[in-house]
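**Q**
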Amino acid sequence: MGCCSSASAAQSSKREWKPLEDRSCTDIPWLLLFVLFCIGMGFICGFSVATGAAARLVSGYDSYGNICGQRNAKLEAIPNSGLDHTHRKYVFFLDPCNLDLINRKIKSIALCVAACPRQELKTLSDVQKFAEINGSALCSYNIKPSEYTLTSKSSGFCPKLPVPASAPIPFFHRCAPVNISCYAKFAEALITFVSDNSVLHRLISGVMTSKEIILGLCLLSLVLSMILMVIIRYISRVLVWILTVLVILGSLGGTGVLWWLYAKQRRSPKEAVIPEQLQIAEDNLRALLIYAISATVFTVILFLIMLVMRKRVALTIALFHVAGKVFIHLPLLVFQPFWTFFALVLFWAYWIMTLLFLGTTGSAVQNEQGFVEYKISGPLQYMWWYHVVGLIWISEFILACQQMTVAGAVVTYYFTRDKRNLPFTPILASVNRLIRYHLGTVAKGSFIITLVKIPRMVLMYIHSQLKGKENACARCMLKSCICCLWCLEKCLSYLNQNAYTATAINSTNFCTSAKDAFVILVENALRVAAINTVGDFMLFLGKVLIVCSTGLAGIMLLNYQQDYTVWVLPLIIVCLFAFLVAHCFLSIYEMVVDVLFLCFAIDTKYNDGSPGREFYMDKVLMEFVENSRKAMKEAGKGGAADARELKPMVGGEEEAAALHDFPFHFFSVCVFTDCTSSGEALVVCITQDMLLFLFACLPITWMAEVLSQLRLPSVKVS
17 MGCCSSASAA
27 QSSKREWKPL
37 EDRSCTDIPW
47 LLLFVLFCIG
57 MGFICGFSVA
67 TGAAARLVSG
77 YDSYGNICGQ
87 RNAKLEAIPN
97 SGLDHTHRKY
107 VFFLDPCNLD
117 LINRKIKSIA
127 LCVAACPRQE
137 LKTLSDVQKF
147 AEINGSALCS
157 YNIKPSEYTL
167 TSKSSGFCPK
177 LPVPASAPIP
187 FFHRCAPVNI
197 SCYAKFAEAL
207 ITFVSDNSVL
217 HRLISGVMTS
227 KEIILGLCLL
237 SLVLSMILMV
247 IIRYISRVLV
257 WILTVLVILG
267 SLGGTGVLWW
277 LYAKQRRSPK
287 EAVIPEQLQI
297 AEDNLRALLI
307 YAISATVFTV
317 ILFLIMLVMR
327 KRVALTIALF
337 HVAGKVFIHL
347 PLLVFQPFWT
357 FFALVLFWAY
367 WIMTLLFLGT
377 TGSAVQNEQG
387 FVEYKISGPL
397 QYMWWYHVVG
407 LIWISEFILA
417 CQQMTVAGAV
427 VTYYFTRDKR
437 NLPFTPILAS
447 VNRLIRYHLG
457 TVAKGSFIIT
467 LVKIPRMVLM
477 YIHSQLKGKE
487 NACARCMLKS
497 CICCLWCLEK
507 CLSYLNQNAY
517 TATAINSTNF
527 CTSAKDAFVI
537 LVENALRVAA
547 INTVGDFMLF
557 LGKVLIVCST
567 GLAGIMLLNY
577 QQDYTVWVLP
587 LIIVCLFAFL
597 VAHCFLSIYE
607 MVVDVLFLCF
617 AIDTKYNDGS
627 PGREFYMDKV
637 LMEFVENSRK
647 AMKEAGKGGA
657 ADARELKPMV
667 GGEEEAAALH
677 DFPFHFFSVC
687 VFTDCTSSGE
697 ALVVCITQDM
707 LLFLFACLPI
717 TWMAEVLSQL
727 RLPSVKVS
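FYI, in our numbering the residues of the sequence shown are 17 to 734.
#1: Closest to Pro-178 by C-alpha separation, out of Val-143, Ile-60, Ile-125 and Asn-158, would be which residue?
#2: Alpha carbons only, please: which of Cys-527, Asp-634, Cys-600 and Cys-564 is nearest the one belonging to Gly-270?
#3: Using beta carbons (cut-off 8 Å, strictly below), is Arg-302 in contact with chain D?
#4: In the DSSP assignment, find the beta strand (DSSP E) that holds Tyr-106 and state where it starts and stops.
#5: Which whole-angstrom value is the C-beta distance of Leu-758 and Ile-498, which I expect to be below 8 Å?
#6: Might you give, ordered along the chain, the residues of its own chain that have their beta carbon closer than 7 Å to the beta carbon of Ile-443, omitting 5 neighbours on each side?
#7: Met-245 and Phe-601: beta carbons closer than 8 Å?
#8: Is the number of C-beta pairs between the region 358 to 365 and the region 39 to 59 that are closer than 8 Å three or more?
#9: For Gly-340, count neighbouring C-beta atoms within 10 Å of its own C-beta (all shown protein chains included) and say buried if the count is 16 or more, exposed if not.
#10: Residues in its own chain within less than 7 Å of Leu-614 by CB, not counting five upstream and five downstream?
#11: Measure the alpha-carbon distance for Thr-566 versus Ala-594 and round it to whole angstroms.
#12: Check the DSSP bridge columns for Cys-128 and list the partner residues they point to.
#13: Would the beta-carbon of Val-609 fall within 8 Å of that of Leu-415?
#14: Could you tell me whether the region 179 to 195 touches the region 129 to 140, using the rule of 3 or more Cβ pairs below 8 Å?
#15: If you drop the 5 nearest sequence neighbours on each side, which residues of the same chain put their C-beta closer than 6 Å to that of Gly-378?
#16: Which class does Pro-133 belong to by DSSP, given the choice of helix, strand or coil?
#17: Within a Cβ cutoff of 6 Å, which residues of the same chain sit near Leu-374, ignoring the five residues on either side of it in sequence?
#18: Can you tell me whether DSSP reads Arg-87 as helix, strand or coil?
#19: Since Tyr-390 is in the beta strand (DSSP E), which residue starts that stretch and which ends it?
#20: Go through its chain and collect everything with a Cβ distance to Leu-372's Cβ below 6 Å, but skip five positions before and after it.
#21: Beta-carbon within less than 6 Å of Gly-456's beta-carbon, same chain only, minus the 5 sequence neighbours each way: which residues are those?
#22: Go through its chain and collect everything with a Cβ distance to Thr-428's Cβ below 6 Å, but skip five positions before and after it.
#23: How long is the line joining the alpha carbons of Ala-674 and Trp-401, rounded to whole angstroms?
#24: If you draw a straight line from the C-alpha of Leu-612 to the C-alpha of Asn-512, how long is it?
#25: Identify every residue that forms a DSSP beta bridge with Asp-100.
#26: Throw me the rounded Cβ distance for the Asn-540 and Ala-617 pair, which I believe falls under 8 Å.
#27: Taking C-alpha atoms, which residue in Cys-234, Asn-383, Phe-463 and Ser-152 lies nearest to Gly-81?
#28: DSSP state of Cys-591, grouped into three classes?
#29: Any idea which residues DSSP pairs Ser-446 with across the strands?
#30: Which residue wins for smallest C-alpha separation from Tyr-77, given the options Arg-104, Gly-62 and Ala-93?
#31: Quick one: what's Leu-380 bridged to in DSSP?
#32: Taking the C-alpha atoms as reference points, what is the distance between Pro-175 and Leu-154?
#33: Can you give the Cα-Cα distance for Gly-406 and Tyr-278, rounded to whole angstroms?
#34: Would you identify the three-state DSSP class for Arg-39, choosing helix, strand or coil?
#35: Given that a residue counts as buried once 16 or more other Cβ atoms are within 10 Å of its Cβ, and exposed if not, what is Thr-620?
#36: Which class does Met-369 belong to by DSSP, given the choice of helix, strand or coil?
Structure follows, in structure tokens:
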């Protein structure tokens, strides 16, 4: 692993930052623990395959324990077991739409058959004819095809009529109905908030009939995200203003189009609509009204936020410009989401496959109906929980590897004075350092996130199971715990990302890096707030732009396509996918800006531009430092009004007043939200808001205010 070539240096209590000078392995015990955990995951997969679960999963088995497509051994006290199914390669369910959602299985007798019925069979005579022609008996093994129409047993041991047309699932040899009505019934059982089943049928039919346009719009969102990433590289300095203008125009245009379509459809005569499509037209009109009102409210809120934050952009614009240069020198950063997504998909595919193996592993047990089920007994039955923890930890590990890779590449760029001396591929060099030295740090950071995420998921599961049964106080307490854990997870994720950056700079272990990064962030609390608000808001505008563009294209296409039914679900699917794609790409840019800011803060803390302590920063950031010096001089001479734009980056009375007013605005929003949503639990939830306000919000805000007043300037005034 390359650890033998580097000796770990002793850490003193007061240590200087030495970017990229020494490399040593970090958090080796955590790497060993992670490797042992992965070996355990492999043991679960190997155990399920060794016990025959792979054959039962791929080939399928009938209700008597016989695996389809092979000769089987006799099971003790199980009738119809031990049959030769060499020529019967497909699993056929007598009633495939009879679903048991609680136990996640089909409540139907399963048989091994030679072929799936490709056409609908309406009577037992059709079933008998199909068996005689294709040699595929669809009734129980005890009944001969010639007796299908003669015996009284046919009602319980033959398929439910009419038998839907079915086709084998590729690689899994199950006969699945090709008609969507069966899946619609399954969705009806899952979606409880739809009281009218006809609405759900129209929603699902709308998705199925519009699947080509949905795929096309998803591809459009991917292309738009790539284009935006390329544009960011070259126009980063004016990106903030361009995104602001485009979002204003897009919001106004989208809102106007929605109101125009609503007015147009409302004025259209209802007599021209055939009675069968009248309900569909009313659903579309109602959906347009909801979309138009939501877009109007969103546009107004967006304008107010942009009006408030218009002057807090100086350092953000400088960092965006440097981030654009980073993407020019490190073009492989654009493709980083692809590699991460590809790794996650591979792991998720392995995890799902192993999960399916676990569902079919174990010993054969006869249930109450006399059919065979496979269950695990003893301590091995808890392998499910181990497997679920593995899903969270390894997924977080992959995401953390991406963060460490990006941080290492950007740190290399920032702390290399002569950019011509950069490695040929800084991304690959960062990956090499990650694999050789810092996998233990990544494993430890991802494990901390896992420790917070698992309790939150358990509480969410408990809340969903107790929905409608618990009292108002218990519901508020559960929601409060879930919300607190979510906030803790987000804070730890942000701290982890900065800890990875500190590790990439100094090659220190996770705890030391997290402590150093936290100290730097606290010393630059107002700068952090400005970057995270203005910068993240600008990137959020980019995501909104992609979603609005994709959604607007979807509205126009769905409006002029007469074959579609209800717009709601197709448009929601498209917009969610567009936001997910935009988030995956722009999160890389956000990560680069955060890494650059930490490097900039370290640079300004330990260097002042004097001989021997030259800055590493780019010329654009150097201009910002010089402008900050001039603004501070002018502020000392009474020219504070001219330096108002730079004040948020260096502290001041305006920011202290904003911090002072923040908790009261926060409390007002919480009370308003509870008044509109808590119902009978109003008193409990407002009491909870008071406690959160007094013991969390006020102390944190006061601490930040004190730090902003006591903090010394990071750059010395010459």
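Every residue gets a Cβ at the ideal spot worked out from N, C-alpha and C, and that includes glycine. Fair warning: this is a prediction, and the values are worked out from it, not measured in the lab.
**A** Once the coordinates are examined:
#1: The residue labelled residue 178 in the question sits at position 162 within the sequence shown. Closest option to Pro-178, Cα to Cα, is Val-143.
#2: In the sequence shown, the residue the question calls residue 270 occupies position 254. That would be Cys-564, whose Cα lies nearest to the Cα of Gly-270.
#3: Chain labels in this structure do not include chain D; a single protein chain is all it has.
#4: Sequence index remark: in the sequence shown, residue 106 carries index 90 (1-based). Unbroken beta strand (DSSP E) run through Tyr-106: 106 to 109.
#5: Beyond the ends of the chain as shown, which are 17 and 734, falls residue 758; an answer cannot be given.
#6: Reading the sequence shown from its first residue, position 427 is the one you call residue 443. The residues are Leu-346, Leu-348, Leu-349, Thr-421 and Ala-425.
#7: Counting from 1 along the sequence shown, the entry for residue 245 is found at position 229. Counting from 1 along the sequence shown, the entry for residue 601 is found at position 585. Yes, they are a contact pair.
#8: no
#9: For the purposes of this step, residue 340 is taken as the residue at position 324 of the sequence shown. Gly-340 should be labelled buried.
#10: Taking the sequence shown and counting its residues from 1, one reaches residue 614 at position 598. Contacts found: Asn-514, Thr-517, Ala-533 and Ile-536.
#11: As a first step, residue 566 must be located in the sequence shown, where it is residue number 550. As a first step, residue 594 must be located in the sequence shown, where it is residue number 578. Distance from the CA of Thr-566 to the CA of Ala-594, rounded to the nearest whole angstrom, comes to 7 Å.
#12: The residue you call residue 128 lines up with position 112 of the sequence shown. DSSP output for Cys-128 lists Val-107 as bridge partner(s).
#13: Counting from 1 along the sequence shown, the entry for residue 609 is found at position 593. Counting from 1 along the sequence shown, the entry for residue 415 is found at position 399. The answer is no: Cβ separation not under 8 Å.
#14: Touching, yes.
#15: For the purposes of this step, residue 378 is taken as the residue at position 362 of the sequence shown. Taken in chain order, the residues that qualify are Tyr-390, Lys-391 and Ile-392.
#16: Here residue 133 refers to the residue found at position 117 of the sequence shown. Coil at Pro-133, not helix or strand.
#17: Position 358 of the sequence shown, counted from the start, is the residue given in the question as residue 374. Hits under 6 Å: Ser-64.
#18: Start at 1 with the first residue of the sequence shown, and residue 87 comes out as number 71. In the structure shown, Arg-87 sits in a strand (DSSP, three-state: E or B).
#19: Here the question's residue 390 lines up with position 374 in the sequence shown. Where Tyr-390 is concerned, the enclosing beta strand (DSSP E) stretches over 388 to 391.
#20: Translated into positions along the sequence shown, residue 372 becomes position 356. Hits under 6 Å: Leu-73.
#21: As a first step, residue 456 is located in the sequence shown; it is residue number 440 there, counting from the start. Answer for Gly-456: Thr-42, Asp-43, Ile-44, Trp-46 and Leu-47, listed in chain order.
#22: For this step, residue 428 is matched to residue 412 along the sequence shown. Closer than 6 Å at Cβ, skipping near neighbours: Pro-442.
#23: Numbered from 1 along the sequence shown, position 658 holds the residue referred to as residue 674. Numbered from 1 along the sequence shown, position 385 holds the residue referred to as residue 401. For Ala-674, the predicted model reports a pLDDT of 46, less than 50, meaning its position is unreliable; a value from the coordinates is still stated below. So the alpha carbons of these two residues sit roughly 46 Å apart.
#24: Working through the sequence shown from its first residue, we reach residue 612 at position 596. Working through the sequence shown from its first residue, we reach residue 512 at position 496. Distance between the alpha carbons of Leu-612 and Asn-512: 15 Å.
#25: Along the sequence shown, one-based indexing puts residue 100 at 84. Paired residues: Arg-87.
#26: Numbered from 1 along the sequence shown, position 524 holds the residue referred to as residue 540. Numbered from 1 along the sequence shown, position 601 holds the residue referred to as residue 617. Yes, they are in contact, since the Cβ atoms of Asn-540 and Ala-617 sit about 5 Å apart, within 8 Å.
#27: Against the sequence shown, residue 81 aligns to sequence position 65. With distances taken between Cα atoms, Gly-81 lies closest to Asn-383.
#28: By one-based count along the sequence shown, residue 591 stands at place 575. If DSSP states are grouped into helix, strand and coil, Cys-591 belongs with the helices.
#29: Here residue 446 refers to the residue found at position 430 of the sequence shown. Ser-446 is not bridged to any residue.
#30: As a working note, residue 77 is residue 61 in the sequence shown. Of the candidates Arg-104, Gly-62 and Ala-93, the one whose C-alpha sits nearest the C-alpha of Tyr-77 is Arg-104.
#31: Indexing the sequence shown from 1 puts residue 380 at position 364. In the sequence as presented, Leu is not what sits at residue 380; that position holds Ala. Bridge partners of Ala-380: Tyr-390.
#32: Your numbering for residue 175 matches position 159 in the sequence shown. Your numbering for residue 154 matches position 138 in the sequence shown. Rounded to whole angstroms, Pro-175 to Leu-154 spans 7 Å at the Cα level.
#33: Indexing the sequence shown from 1 puts residue 406 at position 390. Indexing the sequence shown from 1 puts residue 278 at position 262. Distance between the alpha carbons of Gly-406 and Tyr-278 is about 49 Å.
#34: Taking the first residue of the sequence shown as position 1, residue 39 is located at position 23. The answer is coil: DSSP assigns Arg-39 none of H, G, I, E or B.
#35: As a working note, residue 620 is residue 604 in the sequence shown. Buried.
#36: Locating residue 369 in the sequence shown gives position 353, counting from the first residue. Helix at Met-369.
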